[in-house]
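Just so you know, numbering that gives the first Met the number 0 puts 153 at position 154 of the sequence shown, and the rest follows in order with no gaps. Note that the Cβ used here is the ideal one computed from N, Cα and C, for glycine as well.
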Amino acid sequence: MYIPKYYKITDLEEINEFIKANSFATIVSIRKGRPIASHIPLQMTKIQDDYYLTGHLAYGNPLWRTFEEINDILVIFNGPHAYISSSWYENENVPTWNYQSVHMYGKASLIEEQELAQDLAHLLEKYEKFRENPVLWDKLSPELLQQEMKGIKGFKIKIEEVQAAYKLSQNRNATDYANIMSELYKEDDPHASAVAEAMKKNRNV
0 MYIPKYYKIT
10 DLEEINEFIK
20 ANSFATIVSI
30 RKGRPIASHI
40 PLQMTKIQDD
50 YYLTGHLAYG
60 NPLWRTFEEI
70 NDILVIFNGP
80 HAYISSSWYE
90 NENVPTWNYQ
100 SVHMYGKASL
110 IEEQELAQDL
120 AHLLEKYEKF
130 RENPVLWDKL
140 SPELLQQEMK
150 GIKGFKIKIE
160 EVQAAYKLSQ
170 NRNATDYANI
180 MSELYKEDDP
190 HASAVAEAMK
200 KNRNV
């Protein structure tokens, strides 16, 4: 991913927090000479000094069958994005787009049933624990869990390269920056408001 120096993010802990908030990823591989992609939730974990992405795919999904032959799997996490009108600038310029995105590359491998069960339990806890009637792993019957796990393949990706871009008008002066945030908050679009919040956090304004 092309990333101008203004927008490059290298802090892995910050990137991990971004992934927690934007965990629905696009995973890309190659099958029979053509790109193949799926859209799934992933979790980022640290094991000793290495970072991994973990997830699962339907058994019928051909993407997991590429893991043995493909050395570099690409995973894309997208955050909020918004159109930036140049009418919000002090001086004449062209419009642009603000966004947050993370690309990760690594080698994928299948995981055993026990490791998959642990990953699924963590996934359920993340998305269910705050609900009024949470459906957690240990509340589901062993029969149902065994049946459902037959239909999926768990995997992990050892992260070898990270490319993170937060394009948040860092190259604009203070007046333009404040105007952009103000106008984004006025938009009837949750993505625009989220970009404004990211800009606010980025410059502590």
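Asked, Found
"First and last residue of the uninterrupted alpha helix (DSSP H) at residue 149", "Careful: residue 149 lies outside any alpha helix (DSSP H) and carries neither H nor E."
"First through last residue of the beta strand (DSSP E) which encompasses residue 23", "23-30"
"C-alpha gap between residue 162 and residue 54, whole angstroms", "20 Å"
"Per-residue burial, residue 46 [other beta carbons within 10 Å of its own, 16 or more giving buried]", "exposed"
"DSSP beta-bridge partners of residue 83", "95"
"First and last residue of the uninterrupted alpha helix (DSSP H) at residue 202", "189-202"
"Opposing strand residues paired with residue 103 [DSSP bridges]", "74, 161"
"Inter-stretch contact (C-beta, 8 Å, three-pair minimum) for the stretch 70-77 and the stretch 98-109", "yes"
"Beta-carbon gap between residue 41 and residue 20 smaller than 7 Å", "no"
"Residue 201 versus residue 180 - alpha carbon distance", "12 Å"
"Coarse secondary structure for residue 49, derived from DSSP in three states", "strand"
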